[in-house]
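Just add 71 to wherever you are in the sequence shown, counting from 1, and you've got our numbering.
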Amino acid sequence: MLGPVETRSVSPVFVGRTDELNTLNDALARAAAGEPQALLLGGEAGVGKTRLVEEFTMAAGRRQAVVALGGCVEIGADGLPFAPFSTALRALRQALAEEFAAAAAGQEEELARLLPELGEAGAGRHDEQGMARLFELTVRLLERVAAAHPVVLVLEDLHWADASTRHLLAYLLRTLRTGRLLVLATYRSDDIHRRHPLRPLLAELDRLRTVRRIELARFTREEVGRQIAGILAAEPDPAQVDEIFERSDGNAFFVEELAVAACQGSCTGLTDSLRDLLLVRVEALPESAQRVARIVAEGGSTVEYRLIAAVAQLTEDDLIEALRAAVGANILTVTPAGDGYRFRHSLVREAVADDLLPGERSRLNRRYAEALEADPTLVAADARVMRLASYWYHAHDAAKALPAVLDASVVARRRHAYTEQLRLLERAMELWDGVAEEVRSALRPLDYAEGYPPCGCDPATTPLRYLDLMAEAAVAGRFGGERERALKITKRALRLLEEEPDPLRAAWFWVQRSRLVQAQARGDGWRELATAQDLVRGLPPSEVHAEVLALAANWSMLHRPGPEAIAAAEQAVEYARMVGTRDIELHARLTLSGLKVDSGDHERGLAQMRQVLRDTLAEGVHHVAGRAYVNLPSVMQTLGRDREAAPLLREGIAFTRTYALLDSEAWAWGNLSEALYSLGQWQEAAEAAAHATRLGHSAKPRGAGALRLAHLALARGDLAEAGRQLAAARTHYGTHDPMPQQSLPLARIALGVAAAEGRIDDVRTELLQALDSGFPPGTHRYGWPLLLAAATAEADARTLPAARPGRAEILHRLKEAVRKLTTGAPLWQAYDHWTRAELLRAQGQDTVDTWSPVVTAFECLERPYDLARVRHRLAGALLAEGGDDERDRAVELLRLAAAVAAHLDARPLADAVTRLAQRARLTLTRAPRETLAPADPAAALGLTSRERDVLRLVAAGRTNRQIAEELFISPKTASVHVSNILSKLGVSGRGEAAAVAHRLELFTAETFTAGTTG
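Written out as structure tokens, the structure reads:
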């Protein structure tokens, strides 16, 4: 290696860029204050992006910021997966070792995919959330490291970025919310043609309000003059400035090259070709230095010294002299790590590489490959396999390139760089026919993708087949989001299998098509799954057979639950156990236990689901545990056990967040929102639903969150918001894969909005569509609210002339549906009574005796909003009967309903209570204590169960933050509860509220003690 070499072509003066530098410094100040920043710096090649970044990062370092820089590298036409992030994280780990270790603690196995130094990457089964999981953990790592120190993350040359790097950057900039982090990414704007893969990313990032884009303009004539003066260390001749400005058009790099050429007297007779301008100083080098420059140009963005020496095959003295000449002429520069060389500017490297003859280029790549095969230590371990594959491929040696490319595809898969894996596998398929049979017969299967069948063969002795490559490529395309390419691959594979029938492999490819069709919104995937079932029927047990049955059972559970689904799930469990595929067995057991609950075997099904959860946690099968944390509480909610489900959902949210299971976490937030809604904790329900809409990696869990927000908005009377969220939910769900658990709640909200807007015909249209589709087993959880909403709408419209046509038929259809729909749990028995009562009200036949059992049923359930609604109905029936006792009882019921409506901000209910009271000329003031004589003073105060919990902690002296931590709510929500409590108690502060609680003996001394211990 060389020591310092004197050069003179770089201007020592930083020219212009005042506005851009101010923008960057302002962003750094904001980031240092805790507001993360993201900037994109674009400009044509040579315009000065790197120099501006250098100037800014030096200033950032002086302001105590930690700078982590990573550049996208180019090896031939192949970008290394995640290269800039890996380099930047490595620098960050070196600069902040303790902070980095603490931030990565517990996730080293996953983060090792980006930074191998952290340990061995996990070798478990891959899934579609794998890449998103890695991205989420990377964002958290950066946020945690940047919590105490300002961090500047610089990613250079995005125009060379691989797809995985682009996806990770997009995820980072979309989700970054906390930390003292500034992300600065640079790219060549003149390289971004219409079909360049970076172009869609730039368009996406432009839509983010949190991302600013800076376009670096060329220098003005005045700035060109200042740059030349800096290079020449003297004031230039105005005519010379004019000539250089005209020829360079203000491009900083070309200004430098022209100024140096003029200084050295080599500008005379130079053509106007900028490529010739870039080559002129290279051609002035000694022949040995030119040869080394050509070697470095073909080796990639950066080439290690030892690798250059192996390829150049010069004596060490001759190589050093050649490198010294190239560095002295400012053609090459030493890398920051001091272990290699790179061209000072990529434009020069590209010009030198373009000047190579075709045979010369392939010969250089062959020598690189041979040198690397002879001594793998010549390059860093994490880049070795990818670079060897690139060198052999560009050497046009198919026999050598094929195994190298296959090895590189395995590395890409292990790093979750699925798009790069797909590209490499497609390259392998391209090479396949050009490789001799004896070479192919020595290759072995890479990694049976997702249960791809080995057909009972020994992988160690079974040759790799072309179909095996297609299987790997199909999975890589599905995992990497390249689903169209994956669909085309599966179609080609199935055509090949028509020529050489293999039912097991064909079934496997049909399973892939089923998943891809659903992901691409082209259908529900059942036709493909049914084809796979037909293919495996009668075959011996296998992993593919077990997976087909498990997927079919799960599909049926979501679409058409029943005896056939149970039989498929039971067989899937049996086959999975026989062939030893534990994760398929656990999935199938979870499906089977859920189907048993749907069939009425509640306790046994719940017990089996709890056992699956315990097993998955004990065995570390995280993706199945994530599903269990969603399905088990959901089944509890089906049985009306929301109070029991809520803490389990919170536990599941913590678990799925720890392991970055984004979709499972989003589903859990959506289910928690539903539970909190039922329990009368609407503010927390809204927060949970908002989490679901933000976190979901896939569209459907985001749709569930939007649907919960629509439900809340409808109950609060905000019809415009309900309509917006309903439309968002429909968009997320799509129309290609209808499921009762989605279509029925959508219909219920659409029906409710139509009813609130007086559109009775639309109410009936929604109802009839739902009734025609029917209510499969296990969907009563969604069916009862729909039937109730329709019956309520008919009762409310009873006196409207427009509602008379068709009323009798609608009421008949409703009664038939009510008669047939399963109850099976106290909650749905209560809904049955309520819906029948509304149907009687629709006919003007409801009485006190109609509504009293309904109120009694709901008084035993923890559903304050539902209880308030039926109390309002009973109050109406009491007032219709007349009598002083009935009026007194009605006042009490309306007062209780009004308190709940006010607390929940349920404006439609509050308005209905007020109208009824006004019609009956009732005053809803608090009755004297001796009249009410409640058994529970807190109930008389109108406190909800959650407000009682908060008041207990207030009386114990807790702060809002401490209350939030103990009750698993946000500090903001705790503050809202405290404000509501102060209002209901009629006091002005927390101390007075505590005094009231003590005076009324709302809580025992033991309660206070229990609430305040450790």
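Glycine is no exception: its CB is placed at the ideal position from the N, C-alpha and C atoms.
- In chain order, Met202, Ala547, Phe550 and Gly551 place their CB closer than 7 Å to the CB of Tyr489, counting only its own chain and leaving out the 5 sequence neighbours on each side.
- Collapsing the DSSP output to three states places Gln108 in a strand.
- In the displayed model, Ala256 falls within a strand according to three-state DSSP.
- Across the structure, Ala860 and Glu570 are spaced so that their CA atoms are roughly 56 Å apart.
- The C-beta of Ala624 has 16 or more other C-beta atoms within 10 Å across all chains shown, which makes the residue buried.
- When Glu880, Asp478, Thr806 and Gly596 are compared, the shortest CA-CA separation from Leu842 is found for Glu880.
- Fewer than three pairs of CB atoms, one per stretch, sit closer than 8 Å, so the segment 115-131 makes no contact with the segment 155-162.
- When Gly1062, Ala393, Ser319 and Val367 are compared, the shortest CA-CA separation from Ala355 is found for Ala393.
- Just so you know, the alpha carbons of His230 and Asp261 end up roughly 10 Å apart.
- Cβ-Cβ separation between Val331 and Ile402: approximately 11 Å, too far for a contact (criterion under 8 Å).
- By the C-beta density criterion, Ser512 is exposed, having fewer than 16 other C-beta atoms within 10 angstroms.
- Under the DSSP assignment, Glu188 falls outside any beta strand (DSSP E); it carries neither an H nor an E label.
- As far as DSSP is concerned, Ile1052 takes part in no beta bridge.
- In the DSSP assignment, no residue is bridged to Phe171.
- In this structure, Asp789 sits away from Ser749, with a CB-CB distance that is not shorter than 8 Å.
- Between Arg944 and Trp922, the gap from beta carbon to beta carbon is short of 8 Å.
- When the five nearest sequence neighbours on each side are left out, the beta carbons in the same chain lying within less than 7 Å of the beta carbon of Ala483 are those of Pro152, Glu491, Gln492 and Leu495, in order along the chain.
- In the three-state DSSP reduction, Phe85 falls in the coil class, being neither helix nor strand.
- Within the segment 392-425, the complete beta strand (DSSP E) segments at least 3 residues long are 403-405 and 411-414, listed from N- to C-terminus.
- In this structure, Gly711 and Leu987 do not form a Cβ contact; the two beta carbons are roughly 28 Å apart against a cut-off of 8 Å.
- The beta carbons of Leu252 and Val222 sit about 5 Å from each other, so the pair counts as a contact at 8 Å.
- In its chain, beyond the 5 residues on either side, Ala862, Glu865, Ala866, Leu882, Leu885, Lys886 and Val889 have a beta carbon closer than 8 Å to the beta carbon of Leu910.
- The three-state reading of DSSP puts Leu226 in strand, counting E and B together.
- Counted as a single uninterrupted DSSP element, the beta strand (DSSP E) harbouring Leu140 occupies residues Val137 to Gly142.
- Within the same chain, and ignoring the five residues on either side of Gly671 in sequence, the residues whose Cβ sits closer than 7 Å to its Cβ are Gly895.
- Classified as exposed, Ser1050 has fewer than 16 neighbouring CB atoms from the shown chains inside 10 Å of its CB.
- Taking one beta carbon from each stretch, the segment 690-700 and the segment 820-837 have fewer than 3 pairs nearer than 8 Å; the two do not touch.
- Annotated as proximal: Arg1061 and Val1025, with beta-carbon spacing under 8 Å.
- For the pair His1069 and Glu1018, the Cα-to-Cα distance works out to about 16 Å.
- Residues of the same chain with a CB within less than 7 Å of the CB of Pro474, apart from the 5 flanking positions on each side, are Leu514 in chain order.
- Pairing Ala759 with His803 gives a Cβ-Cβ distance that is not under 8 Å.
- For Val282, the enclosing beta strand (DSSP E) begins and ends at Val282 to Glu286.
- If you compare the alpha carbons of Glu375, Glu501, Glu421 and Ser433 with that of Ala452, the shortest gap goes to Glu375.
- Residue environment analysis places Met129 among the exposed positions, since fewer than 16 neighbouring C-beta atoms fall within 10 angstroms of its C-beta.
- Cβ-Cβ separation between Arg284 and Leu111: approximately 5 Å, consistent with a contact (criterion under 8 Å).
- With 16 or more other CB atoms across the displayed protein chains lying within 10 angstroms of its CB, Tyr853 is buried.
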